[in-house]
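Visitor: First the structure, then my questions, so here it is.
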Amino acid sequence: MRQKIGTVIGCALILAWCLLPVAWIISLSFKSQTAITNGSPGFLPASGDSAGWQNYQDVLDNDQFRRAIINSVGISLIATALSVIIATLAAYAIARLEFQGKKFVLTTALAIAMFPVVSLVGPLFDMWRTFGLYDTWPGLIIPYMSFTLPLAIWTLSAFFREIPWEMEQAAQVDGATSWQAFRKVIVPLAAPGVFTAAILTFFFAWNDFVFGISLTSTERARPIPAALSFFVGSDPFNRPASLLAAGAVVSTIPIIVIVLIFQRKIVAGLTSGAVKG
Amino acid sequence: MTAVTAPPRSEGAAKPELSDRARAETRLGQRLVAPAIVLMLVVTAFPMIRALYLSLFSYSLTAPEDREFVGLSNYLTALTDSLFWRDTFVTVLYMLVTVSVELVIGFVFAMVMHRVVFARGVIRTSILIPYGIITVVSGFAWQFAFSFQNGFVNDWLPFLDTDFNWFGDTTPAVIAIMVSEIWKTTPFMSLLLLAGLAQVSEDMIEAAKVDGATWWQRLWKVILPNMRAAIMVAVLFRALDAYRIFDNIFVMTSGAVNTESISFLTYRQTIEQFQLGIGSALSVLLFLSVLVIAWLIVKLFKVDLAAARQEG
């Protein structure tokens, strides 16, 4: 009985921990600009301080922010697709084939997962300017791919190791062509893993900030996190808080939608890829 | 990492006892991993070598013609500057505090998630929200929460004046940054620990219970030793991640009032001030310190990464 009460309290704690700051930023996004300038402490907007949907309208009318949404969605989706394809090839080889250099691939992936990103932006900044990749979509897609490959390779190879590959042969014995065996047997078994890797990759690309501010200079390629941080001036103590909050909420909506739909897959992917012991 | 060699790819390198089939498998395997390896190395190893090279020059992008070979003097400048050591100290502090707090809270969360039978989906969905949210957004949310003009923290903490300025002094500002960092990354920690917890056999816990072990004894003598691998992997990953702390500092204080981390210092030198020479030296030092920390954790706690990550 005591344990049960403890669990209930624990659940309440987790929910408060996770949702309170989210509720706060949503509440902030409904405070009016004038209330913010005059100072409006308190969790909820005081009476008369509410701005309705005005902040959201302003944010979505802002060209820079609209461009940033397009950039972020485009760059993240392309990086995710390419990264997952390349990682699938590598993970298949690691899970199923015996070959020299397997250990090298795993070690490299691990080393890169721990790499201090900031120590690369200096030289990359220099290189990208020489190659004309500075401030372009590919200029961000390439580093995103490199840094999401380790996670994708680990997750996928953990998944692929669990697949009963004999079923492919079994299907062929039963008269399926090899294409049918692949499409009807292997693809459905492998799809959840590929999917998980894709979600985790997308999260990384969507969240990135260091590359986003270092390798872009205009709205041509600037993604949402960078755009948010450069939103109106650079004085960190005097920002248009409620506008920013509205932008922050908009940028969080895709994440919440993904989490709501794919919760089970993300948890499975995080735990199977990271700790198989 | 920069010292690793390419995998032996030539036919001659294959051992003579390999059968044709094994050789074909090796070839296919290497072909399948080649794109991934190339991509990972192009963006990391190559720029790292370039940083090593540039760090030997006095080189500023504002005056590229004045580039001049200066040997190791950039390193000397960095290592004798008190700013470098202060930032390193602050970074280590961020790492130690956030990882320890996350370990405790993350473990409690993992225990709860492990036990809970009802509303499992709701709990897991909400714990993924901080994990998925953009760090910059988390930084903003907490910066505004701590702001005395528009936040609620001063209101809610009874022992504080309502006009207490969290960002006016080093200690409170560092605490505010840590809160944002901890909030955002604890879910990751707790999910890794949850996976470890799932591998502790219920029978063993039951047996300890029958033998009369208290809850506390079961936790320390049965549960924790059996999920050691998971704990160590979680600590290793989070510690290295925490050492690279950047986003929250950029958003919340821009490095004001001595809250700057070593990553932030590197960024400021290279991207903001275009000092590629000294910036590259800082990049190399940052990279080396990450290596040292990784090595220390692996040695100190005897983390068996291969066992934890590979075959069951």
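Chain order of the listed sequences is L and C.
When you read off a place in the first sequence, starting at 1, and then add 1, the result is the number in the numbering used here.
When you read off a place in the second sequence, starting at 1, and then add 266, the result is the number in the numbering used here.
Glycine included, every Cβ here is placed at the ideal spot set by N, Cα and C.
#1: In three-state DSSP terms, what is F323(C)?
#2: Would you verify that the beta carbon of N492(C) is, or is not, closer than 8 Å to some beta carbon of chain L?
#3: Does I443(C) have its Cβ less than 8 Å from a Cβ in chain L?
#4: Considering Cα atoms alone, identify which of V268(L), I254(L), A246(L) and T253(L) is closest to V60(L).
#5: Leaving aside the five residues before and after I448(C) along the sequence, list all residues of the same chain whose C-beta is less than 6 Å from its C-beta, in chain order.
#6: Count the other CB atoms, across all protein chains shown, that sit within 10 Å of the CB of A496(C); report buried if there are 16 or more and exposed otherwise.
#7: Could you give the distance in angstroms between the alpha-carbon of I288(C) and the alpha-carbon of L338(C)?
#8: In this structure, does DSSP put E334(C) in helix, strand or coil?
#9: Apart from the five residues on each side of it in sequence, which residues of its chain come closer than 6 Å, Cβ to Cβ, to S324(C)?
#10: Give the interface partners of F204(L) over in chain C, defined as CB-CB distance under 8 Å, in chain order.
#11: In terms of DSSP beta bridges, what is S51(L) paired with?
#12: Going straight from the alpha carbon of L157(L) to that of I400(C), what length do you get?
#13: Here's the rule I'm using: 16 or more other beta-carbon atoms within 10 Å means buried, otherwise exposed. How should L125(L) be labelled?
#14: In chain C, which residues lie less than 7 Å from N208(L) when you measure between Cβ atoms?
#15: Which same chain residues end up closer than 7 Å to Q65(L) when comparing Cβ atoms and leaving out the 5 residues on each side of it in sequence?
#16: Grab me the residues of D353(C)'s own chain with a C-beta within less than 8 Å of its C-beta, minus the 5 sequence neighbours each way, in chain order.
#17: Just reading off the alpha helix (DSSP H) that L98(L) is part of, what are its end residues?
#18: Let's test the definition: count the other Cβ atoms within 10 Å of the Cβ of N39(L) and tell me whether it reaches 16, buried, or not, exposed.
#19: With a CB to CB cut of under 8 Å and the five nearest residues on each side skipped, what residues in its chain are close to F231(L)?
#20: Suppose only complete runs of 4+ residues qualify. What are the alpha helix (DSSP H) ranges in the segment 467-533 of chain C, listed by chain order?
#21: Between the beta-carbon of I200(L) and the beta-carbon of I267(L), is there less than 8 Å?
#22: Would you mind stating whether E291(C) and L98(L) have Cβ atoms separated by less than 8 Å?
#23: Counting only the same chain and skipping the five closest in sequence on each side, list residues whose C-beta sits under 8 Å from that of V440(C).
#24: Between which two residues does the alpha helix (DSSP H) carrying D421(C) extend?
#25: Kindly indicate if chain C contains any beta-carbon less than 8 Å away from that of E167(L).
#26: Is it buried or exposed, S235(L), if we count other Cβ atoms within 10 angstroms and call 16 or more buried?
#27: Mind checking if K103(L) is an interface residue toward chain C, Cβ cutoff 8 Å exclusive?
#28: Excluding five sequence neighbours on each side, which residues of the same chain lie with their C-beta closer than 7 Å to the C-beta of K475(C)?
#29: What are the residues in the segment 496-523 of chain C lying within 9 Å of chain L by C-beta distance?
Guide: So, from the listed chains and residues:
#1: Correct three-state label for F323(C): strand.
#2: So, not an interface residue.
#3: Cβ-Cβ to chain L under 8 Å: no for I443(C).
#4: The shortest C-alpha separation from V60(L) is found at A246(L).
#5: For I448(C), where only same-chain residues beyond five positions count, the Cβ hits under 6 Å are T364, V367 and E368.
#6: By the 10 Å Cβ count, A496(C) comes out buried.
#7: Before going further, note that residue 288(C) is Ala rather than Ile in the sequence given. A288(C) and L338(C): Cα-Cα distance of roughly 48 Å.
#8: E334(C) sits in a strand when the DSSP states are folded into three classes.
#9: Once the five neighbours on either side are set aside, the close Cβ partners of S324(C) are E334, V336 and G543.
#10: The answer, in chain order, is Y397 and G398.
#11: For S51(L), the beta-bridge partners assigned by DSSP are K32(L).
#12: Rounded to the nearest whole angstrom, the CA to CA distance from L157(L) to I400(C) is 24 Å.
#13: Burial call: buried.
#14: Under the 7 Å cutoff, chain C gives I400 and T401.
#15: Excluding sequence neighbours, Q65(L) sits near E220 and A228.
#16: Cβ within range, chain order: E526, S527, I528, F530 and L531.
#17: It is not in any alpha helix (DSSP H) - L98(L) carries neither H nor E in the DSSP assignment.
#18: Of the residues assessed, N39(L) falls on the exposed side of the cut-off, its CB having fewer than 16 other CB atoms within 10 angstroms.
#19: Answer for F231(L): I214 and R223, listed in chain order.
#20: Listed in chain order, the alpha helix (DSSP H) runs fully inside the segment 467-533 of chain C are 468-476, 494-509, 513-518 and 528-533, counting runs of at least 4 residues.
#21: Less than 8 Å divides the Cβ of I200(L) from the Cβ of I267(L).
#22: Contact check for E291(C) against L98(L) passes: the beta carbons are separated by less than 8 Å.
#23: Same-chain partners within the cutoff: V356, L359, Y360 and T525.
#24: Run containing D421(C): V419 to W422, per the alpha helix (DSSP H) assignment.
#25: For E167(L), the closest Cβ of chain C is not nearer than 8 Å.
#26: In this predicted model, S235(L) has a pLDDT of only 44, less than 50, meaning its place in the structure is not dependable enough to derive any value.
#27: Chain C, which has a Cβ nearer than 8 Å to the Cβ of K103(L), makes this yes.
#28: The residues R484, in chain order, have a CB closer than 7 Å to that of K475(C) in the same chain once the five nearest residues on each side in sequence are set aside.
#29: Closer than 9 Å at the C-beta level to chain L, one finds these residues of the segment 496-523 of chain C: A496, V499, A500, L502, F503, L506, D507, Y509, R510, F512, D513, F516, V517, M518, T519, S520 and A522.
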